[in-house]
Amino acid sequence: MAKVKPEFIDRVKKLGAFDISACYSCGNCTAICPLTNENYSFPRKLIRYSLLGIEEKITAAPDLWLCYYCGECSDSCPREADPGGLMMALRRWAIRQYSLGKIADLFYGRISSWVTWVVLTILATLGIIYFRNPHPETTKAVPLSFIGLDFLHNAGLVMGLFIAFFALVHIFIMVKSLTKNPTTPRRSPQKLLVGFIQVLINEVLLQKRFRDCEESERYLPHLALFWGFAGLFLATILVFGVDFFGFPEFLRPVAKVTGIIFGLVLIYGAGYFILLRLRRSNSYSQYSHPSDWLFLIWMFLAGLTGFILDIFKWLNLPWPTYIAFAVHLVIVFNLLVTAPFTKFAHALYRPLALWLAGEAQTSPQEEAS
Ligand code: SF4
Ligand code: SF4
Numbered sequence: 003m004a005k006v007k008p009e010f011i012d013r014v015k016k017l018g019a020f021d022i023s024a025c026y027s028c029g030n031c032t033a034i035c036p037l038t039n040e041n042y043s044f045p046r047k048l049i050r051y052s053l054l055g056i057e058e059k060i061t062a063a064p065d066l067w068l069c070y071y072c073g074e075c076s077d078s079c080p081r082e083a084d085p086g087g088l089m090m091a092l093r094r095w096a097i098r099q100y101s102l103g104k105i106a107d108l109f110y111g112r113i114s115s116w117v118t119w120v121v122l123t124i125l126a127t128l129g130i131i132y133f134r135n136p137h138p139e140t141t142k143a144v145p146l147s148f149i150g151l152d153f154l155h156n157a158g159l160v161m162g163l164f165i166a167f168f169a170l171v172h173i174f175i176m177v178k179s180l181t182k183n184p185t186t187p188r189r190s191p192q193k194l195l196v197g198f199i200q201v202l203i204n205e206v207l208l209q210k211r212f213r214d215c216e217e218s219e220r221y222l223p224h225l226a227l228f229w230g231f232a233g234l235f236l237a238t239i240l241v242f243g244v245d246f247f248g249f250p251e252f253l254r255p256v257a258k259v260t261g262i263i264f265g266l267v268l269i270y271g272a273g274y275f276i277l278l279r280l281r282r283s284n285s286y287s288q289y290s291h292p293s294d295w296l297f298l299i300w301m302f303l304a305g306l307t308g309f310i311l312d313i314f315k316w317l318n319l320p321w322p323t324y325i326a327f328a329v330h331l332v333i334v335f336n337l338l339v340t341a342p343f344t345k346f347a348h349a350l351y352r353p354l355a356l357w358l359a360g361e362a363q364t365s366p367q368e369e370a371s
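Residue numbering for the sequence shown follows our numbering, starting at 3 and increasing by one per position.
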């Protein structure tokens, strides 16, 4: 039998669900939610679980990730209990629960998160200072004369293995939790494969449910955040492929153009959400946890420092180029190495939950038509 923990709600309130105790269970929020359905009915069910503190049922609920925080439920709650805020807070809590050794806790504590970010930044900076070339090219700006390809290759490899290990373990923990949910459908390998492709196209690449939930202006910036980051990653791989693996030279200008376009896209997406959270003009942006801010700020800075680096290089200013390169690398390191433990992880958990819940086959609008 599931354990009841009345103190649970106080922990979730610390993650942003301040008003949820006011809920009197009328069900209005579930009735109005555009993404709820007969298989996955939220947010009221999760409000009950949270108030009772039935943790196992919450970690086993894909419903957490089926919500895109449009805020419609919060706007229509007669008790102003902010059920959308609870869903967001539960996702923060779930990221901590799925984390190996509860490492993600470090990024959600008021003091521990700042200490961790400062330590990571210092470590990355020291790494660059130690491994840089002390005598780089000074007659023209050549970033790779300052930080060599071998170092970038080895550091990238170690970081990639680190991220892959934690991502896989976290996926395992999440899948184990979700399979405890009796409503999670059992499907044949063939159906799982089809579902996987549908999730990849509809939810990862096009983010259709986000559009259906959030007809307004947040859809495009959210898409921009994903595509901006993915495009910059691709551009980096291309440049690295040309320099290190001998990819054809014509890919260099392709990578350059790709980097500029997707860098702008990333800055637009991250900048939009930073402004939205600063304005606090709707229920979505009323409360921002520090983890929301840091995720957006690192994303924004990753795009911005990439541009600054390019501009200095184009102006042929060696030392400003090298310093911008170092700062860019520190930011990218912070963003990537923490990805399995921070808000970044939702990019993994949401598609996974949709896939296992069998919820990506059709969008709610398509079902209705
Ligand atoms: S959160 Fe508000 S709308 Fe939802 S069940 Fe509670 S009181 Fe009703
Ligand atoms: S925030 Fe939107 S998607 Fe999430 S539960 Fe509320 S109405 Fe549904």
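Each residue gets a CB set at the ideal place from its N, CA and C atoms; glycine is no exception.
Would you kindly work out how many angstroms separate the C-alpha atoms of T61 and Y26, rounded to a whole number? To locate residue 61, count along the sequence shown from 1; it is residue 59. To locate residue 26, count along the sequence shown from 1; it is residue 24. Spanning the two alpha carbons is a distance of roughly 23 Å.
Pick helix, strand or coil for R13, following the three-state DSSP scheme. Counting from 1 along the sequence shown, the entry for residue 13 is found at position 11. DSSP, read as helix, strand or coil, puts R13 in helix.
For a quick check, are the C-beta atoms of W95 and V201 less than 7 Å apart? To locate residue 95, count along the sequence shown from 1; it is residue 93. To locate residue 201, count along the sequence shown from 1; it is residue 199. If you check the CB distance, W95 and V201 do not come in under 7 Å.
Verify the CB distance criterion: does R189 have a CB-CB separation below 7 Å to chain D? In the structure shown, chain D does not exist; there is a single protein chain.
Proximity winner among D107, P64, G248, F44, relative to S76 (alpha-carbon distances): Along the sequence shown, one-based indexing puts residue 76 at 74. Ranking the options by Cα distance to S76, first place goes to F44.
Does the Cβ-Cβ distance between D21 and A91 come in under 7 Å? As a working mapping, residue 21 is identified with position 19 in the sequence shown. As a working mapping, residue 91 is identified with position 89 in the sequence shown. Contact flag unset, no.
Runs of 4 residues minimum, wholly inside the stretch 45 to 98: which ones carry the alpha helix (DSSP H) assignment? With a minimum length of 4 residues, the unbroken runs of alpha helix (DSSP H) contained wholly in the stretch 45 to 98 fall at 46 to 54, 57 to 61, 65 to 68, 74 to 78.
What would DSSP say about W300, mapped onto helix, strand or coil? Here residue 300 refers to the residue found at position 298 of the sequence shown. Look at W300 here: in three-state DSSP terms it is helix.
Would you mind working out which of L53, L234, A347 sits nearest G305, comparing C-alpha positions? Start at 1 with the first residue of the sequence shown, and residue 305 comes out as number 303. A check of alpha carbon separations from G305 across L53, L234, A347 identifies L234 as the nearest.
Should S190 be labelled buried (16 or more other beta-carbon atoms within 10 Å of its own) or exposed? Taking the sequence shown and counting its residues from 1, one reaches residue 190 at position 188. Counting Cβ neighbours within 10 Å, S190 comes out exposed, since fewer than 16 surround it.
So is the beta-carbon of N336 under 6 Å away from any non-hydrogen atom of ligand 1? Taking the sequence shown and counting its residues from 1, the one referred to as residue 336 is at position 334. No, the Cβ of N336 stays beyond 6 Å of every heavy atom of ligand 1.
Work out the CA separation of V244 and P250 for me, nearest whole Å. To locate residue 250, count along the sequence shown from 1; it is residue 248. To locate residue 244, count along the sequence shown from 1; it is residue 242. Answer to the nearest angstrom: the Cα atoms are 6 Å apart.
Reducing DSSP to helix, strand and coil, say where N30 ends up. Counting from one through the sequence shown, the residue named residue 30 turns up at place 28. Per DSSP, reduced to three states, the secondary structure at N30 is helical.
Which runs of the alpha helix (DSSP H) fall wholly inside the stretch 253 to 337 and span at least 4 residues, in chain order? With a minimum length of 4 residues, the continuous alpha helix (DSSP H) runs that stay inside the stretch 253 to 337 are 253 to 281, 292 to 316.
Taking C-beta to C-beta, are A143 and P320 nearer than 7 Å? In the sequence shown, counting from the first residue as 1, residue 143 sits at position 141. In the sequence shown, counting from the first residue as 1, residue 320 sits at position 318. The Cβ atoms of A143 and P320 sit closer than 7 Å to each other.
Is C79 close to ligand 2? I mean its beta-carbon at under 6 Å from any heavy atom of the ligand. Indexing the sequence shown from 1 puts residue 79 at position 77. Outside the cutoff, so no.
Can you grab the Cα-Cα spacing for the pair T140 / D312, in whole Å? Position 138 of the sequence shown, counted from the start, is the residue given in the question as residue 140. Position 310 of the sequence shown, counted from the start, is the residue given in the question as residue 312. Taking the straight line from one Cα to the other gives about 17 Å.
Only counting the same chain, and skipping five residues up and downstream in sequence, which positions put a Cβ closer than 6 Å to that of K5? Sequence index remark: in the sequence shown, residue 5 carries index 3 (1-based). Take K5, set aside five residues on each side of it, and no residue of its chain has a beta-carbon closer than 6 Å to its own.
Residues of its chain near M89, where Cβ-Cβ distance is below 6 Å and the 5 sequence neighbours each way are ignored: Looking up residue 89 in the sequence shown gives position 87. Result list for M89: P45, C69, in chain order.
Just verifying my parser: in three-state terms, what is the DSSP assignment at F249? Taking the first residue of the sequence shown as position 1, residue 249 is located at position 247. When secondary structure is reduced to three states using DSSP, F249 falls in the coil class, being assigned neither helix nor strand.
For I262, tell me which candidate among L277, S283, G273, A237 has the shortest Cα-Cα distance. Walking along the sequence shown from the start, residue 262 turns up at place 260. Out of L277, S283, G273, A237, the CA that lies nearest to the CA of I262 is found in A237.
Ligand 2 heavy atom lying under 6 Å from the CB of L48: Taking the first residue of the sequence shown as 1, we reach residue 48 at position 46. Checking the Cβ of L48 against ligand 2 gives no.
Kindly examine ligand 2 and report whether one of its heavy atoms sits closer than 6 Å to the Cβ of Y71. Counting from 1 along the sequence shown, the entry for residue 71 is found at position 69. Yes - ligand 2 has a heavy atom lying nearer than 6 Å to the Cβ of Y71.
Is it the case that the stretch 325 to 332 contacts the stretch 161 to 178, given that we only count it when at least three CB pairs across the two stretches are under 8 Å? The answer is no - the stretch 325 to 332 does not touch the stretch 161 to 178, with fewer than three Cβ pairs under 8 Å.
Measuring alpha carbon to alpha carbon, tell me which of A232, I11, L358 ends up nearest I199. Reading the sequence shown from its first residue, position 197 is the one you call residue 199. Here the closest residue by C-alpha is L358.
Residues of its chain near L240, where Cβ-Cβ distance is below 6 Å and the 5 sequence neighbours each way are ignored: In the sequence shown, counting from the first residue as 1, residue 240 sits at position 238. L253, A257, listed in sequence order.
Rounded C-alpha distance that separates S283 from R220: Here residue 283 refers to the residue found at position 281 when the sequence shown is read from its first residue. Here residue 220 refers to the residue found at position 218 when the sequence shown is read from its first residue. Looking at the backbone, the Cα of S283 and that of R220 are separated by about 13 Å.
For the alpha helix (DSSP H) that contains L125, what are its first and last residues? Position 123 of the sequence shown, counting from 1, holds the residue named residue 125. Membership of L125 in the alpha helix (DSSP H) is indicated by the continuous run 112 to 133.
If you count every other CB in all the chains shown that lies within 10 Å of the CB of N318, and 16 or more means buried, which is it? If you number the sequence shown from 1, residue 318 lands on position 316. By the 10 Å Cβ count, N318 comes out exposed.
In whole angstroms, what is the alpha-carbon distance linking Y351 and W67? Numbered from its first residue, the sequence shown carries residue 351 at position 349. Numbered from its first residue, the sequence shown carries residue 67 at position 65. If you draw a straight line from the Cα of Y351 to the Cα of W67, it is about 7 Å long.
Residue environment, A24, which counts as buried when at least 16 other CB atoms sit within 10 Å: Walking along the sequence shown from the start, residue 24 turns up at place 22. With fewer than 16 neighbouring CB atoms inside 10 Å of its own CB, A24 falls in the exposed class.
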